[in-house]
Amino acid sequence: MAVAFTEYYSVHGSVCVRIVISFESEAGKRSERLWYRPQGLTISAIIENAKWQLEAWLASQLAADISGDPESHALENYALENHGLVRVQLIADEVRTDTAQQLRLWGGSTQTDETATQAIGRLSELLGSSAVQVAKWQGGRDVLDSYELVSATHAQTIGSASSHEQISAQKWRGALPNPSPSVVYSEPIQVQINDQFGKLLSVSARHELSASPVVVIIGATHYKVNSWAGPWPVEERWWDSARSRRLVRLQLVCEKITADSVPQILAMLAILEHGEWTVAAIYS
1 MAVAFTEYYS
11 VHGSVCVRIV
21 ISFESEAGKR
31 SERLWYRPQG
41 LTISAIIENA
51 KWQLEAWLAS
61 QLAADISGDP
71 ESHALENYAL
81 ENHGLVRVQL
91 IADEVRTDTA
101 QQLRLWGGST
111 QTDETATQAI
121 GRLSELLGSS
131 AVQVAKWQGG
141 RDVLDSYELV
151 SATHAQTIGS
161 ASSHEQISAQ
171 KWRGALPNPS
181 PSVVYSEPIQ
191 VQINDQFGKL
201 LSVSARHELS
211 ASPVVVIIGA
221 THYKVNSWAG
231 PWPVEERWWD
241 SARSRRLVRL
251 QLVCEKITAD
261 SVPQILAMLA
271 ILEHGEWTVA
281 AIYS
């Protein structure tokens with residue numbers, strides 16, 4: 001069935017990227033699942049997805065129907081004796097022209113991407129579509145708001161729509177330059193940033209630093225500032241006193257000298273808001 005399905009679209013120069021796989025048992029129960037693969041669903045991909053879906057469906061039926069000793073019912077026997085299949089359907093939900101696009105020398109899909117996609121699909125089928133979440137870029141000036149967690153299945157479905165043009169259209173004025181931080185704290189860490197005279201660094205009304213940052217103090221630990229960039233100011237909703245926000249951001253590369261004199265480098269994103277410095281994120 002999978003062979004005939006893929007060959008039908010192949011001879012017409014098309015490829016199915018989204019498919020509905022449907023099973024129906026003798027008892028009239030149904031399992032229907034939407035599968036998506038941006039590169040196109042191959043024969044092996046359809047068979048593998050169908051296998052995962054069927055195994056998860058039978059396992060859920062077994063758990064729901066059997067109240068006795070679970071060890072006395074093998075999954076295979078349960079499937080054959082109690083839930084024989086009477087109908088299997090493959091329904092194309094989205095078909096595109098097969099452009100036979102050659103992957104770039106750098107970038108593009110790799111075997112690792114394929115393995116990750118398969119693992120996500122497997123977990124989503126077994127645990128539910130909302131059980132596996134990934135970060136999706138949505139734009140914004142605040143590193144906490146630039147990404148949102150969405151279900152992995154939803155992210156795969158909309159992944160093809162995230163073209164370069166659409167992503168560029170979402171860029172925000174005042175957003176930080178690349179690269180993005182690798183770790184963003186849900187609760188920023190309070191720090192102290194001083195100049196060469198030990199005075200707390202401040203910013204003028206024109207967003208100018210009072211001096212160059214020299215040391216960052218986190219708790220009892222002192223970090224020497226090797227290099228820095230910024231400041232990048234943000235003034236949002238100045239017309240709304242209740243929701244207005246004014247802050248500046250600094251990117252800092254600091255060095256901590258340990259007891260064995262081995263330097264530890266830490267790159268961080270510092271934010272000054274309401275007169276207090278915090279570290280909102282770090283770079284790896």
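Residues in the sequence shown are numbered from 1 upward in steps of one, following full-length UniProt numbering. Note that beta-carbon positions come from the ideal geometry of N, C-alpha and C, so glycine has one too.
Check your understanding: Whose C-beta lies closer than 6 Å to the C-beta of residue 285 among residues of the same chain, with five residues either side of it excluded?
Key -> The first residue shown for the chain is 1 and the last is 284, placing residue 285 beyond what the model contains.
Point to revise | Supposed close pair V279, C254 - CB separation, criterion 8 Å | key: No, V279 and C254 are not in contact; Cβ-Cβ is about 10 Å, not under 8 Å.
Point to revise | Start and end residues, beta strand (DSSP E) containing A10 | key: According to the sequence displayed, residue 10 carries Ser and not Ala. For S10, there is no enclosing beta strand (DSSP E); the enclosing alpha helix (DSSP H) covers residues A2 to V11.
**Study point:** Sequence-distant residues of its chain with Cβ nearer than 6 Å to W35 (five each side left out)
**Key:** The answer, listed in chain order, is I19 and N49.
Check your understanding: Going by DSSP, which residues form a beta bridge with S31?
Key -> S31 pairs with F23.
Check your understanding: DSSP three-state call for T221: helix, strand or coil?
Key -> In the structure shown, T221 sits in a strand (DSSP, three-state: E or B).
Check your understanding: What number of angstroms, rounded off, separates the C-alpha of D195 from the C-alpha of I265?
Key -> Each residue's Cα considered, the two are about 19 Å apart.
**Study point:** The beta strand (DSSP E) enclosing K136, as first and last residue numbers
**Key:** K136: member of the beta strand (DSSP E) spanning Q133 to W137, first to last residue.
Exercise for review: Determine the DSSP secondary structure at E208, reduced to helix, strand or coil.
Suggested key: In the structure shown, E208 adopts coil according to DSSP, grouped into three states.
**Study point:** Where R122 falls: helix, strand or coil (DSSP)
**Key:** DSSP places R122 in the helix class (H, G or I) of the three-state scheme.
Review point. CA-CA distance, L54 and P177?
Key: Between L54 and P177, the C-alpha separation is close to 46 Å.
Review point. Are the beta-carbon atoms belonging to S210 and S204 less than 9 Å from one another?
Key: Yes; because the gap between Cβ atoms is below 9 Å, this pair is in contact.
Exercise for review: Please report the Cβ distance between I91 and S22, rounded to the nearest whole angstrom; I am assuming they are in contact, meaning their Cβ atoms lie under 8 Å.
Suggested key: Contact annotation, I91 with S22: C-beta distance approximately 7 Å; criterion of less than 8 Å satisfied.
Point to revise | Rounded straight-line distance, which links the Cα of E236 to that of R246 | key: A direct Cα-to-Cα measurement between R246 and E236 gives close to 7 Å.
Point to revise | Whole-Å CB distance - V183 paired with A281, under 8 Å assumed | key: About 6 Å separates the two Cβ atoms, so the contact holds.
Review point. For K199, which option in I217, L269 and H207 has the closest C-alpha, if you only look at C-alpha atoms?
Key: Checked all of I217, L269 and H207; the closest Cα to K199 is I217.
**Study point:** residue 314, DSSP secondary structure in three states
**Key:** As shown, the chain starts at 1 and ends at 284. That puts residue 314 outside it, with no answer to give.
Practice item. Please report the residue range of the beta strand (DSSP E) in which D93 lies. Key: It spans L85 to T97 - the beta strand (DSSP E) in which D93 sits, taken as one unbroken run.
Review point. Helix, strand or coil for A229 per DSSP?
Key: Taken through DSSP and simplified to helix, strand or coil, A229 comes out as strand.
Check your understanding: Of the residues S244, P263, A59 and G230, which one's Cα is nearest the Cα of G251?
Key -> The residue asked about is misnamed: residue 251 is Gln in this sequence, not Gly. The option with the nearest alpha carbon to Q251 is G230.
Point to revise | Residue of A220, P179, W137 and I120 minimising C-alpha distance to Q192 | key: Ranked by how close their Cα comes to the Cα of Q192, the residues A220, P179, W137 and I120 have A220 in first place.
Review point. Considering only residues of the same chain and omitting the five flanking positions on each side of I271, which have a CB-CB separation below 6 Å?
Key: Sequence-distant Cβ neighbours of I271 in its own chain, meaning closer than 6 Å and more than five residues away, are L247, R249, T278 and A280.
Practice item. Starting from the Cα of K51, find the closest Cα among V150, G121, S241 and K256 and give me that residue. Key: Of the listed residues, the one whose Cα sits closest to K51 is G121.
Practice item. Please work out which residues of its chain come closer than 6 Å, Cβ to Cβ, to D240, disregarding the five sequence neighbours upstream and downstream, and give them in chain order. Key: Once the five neighbours on either side are set aside, D240 has no close Cβ partner at all.
**Study point:** Best match in L144, E208 and W228 for proximity to Y185 [C-alpha to C-alpha]
**Key:** Selected option, being the one with the closest Cα: L144.
Exercise for review: Taking A59 as the reference, give the member of V86, S31 and E148 with the closest Cα.
Suggested key: Check the Cα spacing between A59 and each of V86, S31 and E148: the tightest is with S31.
Exercise for review: With distances taken Cα to Cα, identify the nearest neighbour of H222 among W238, E273 and T258.
Suggested key: Sorting W238, E273 and T258 by C-alpha distance to the C-alpha of H222 places T258 at the top.
Exercise for review: Please confirm whether V17 and V95 have their CB atoms less than 9 Å apart.
Suggested key: In contact: V17 and V95 (Cβ atoms closer than 9 Å).
Review point. Bridge partners of S14, per DSSP?
Key: Answer is T97.
Review point. Sorted by chain position, which residues of the same chain lie with C-beta nearer than 6 Å to V150's C-beta, five sequence neighbours on each side aside?
Key: Counting only Cβ-Cβ distances below 6 Å, and skipping sequence neighbours, we find K136.
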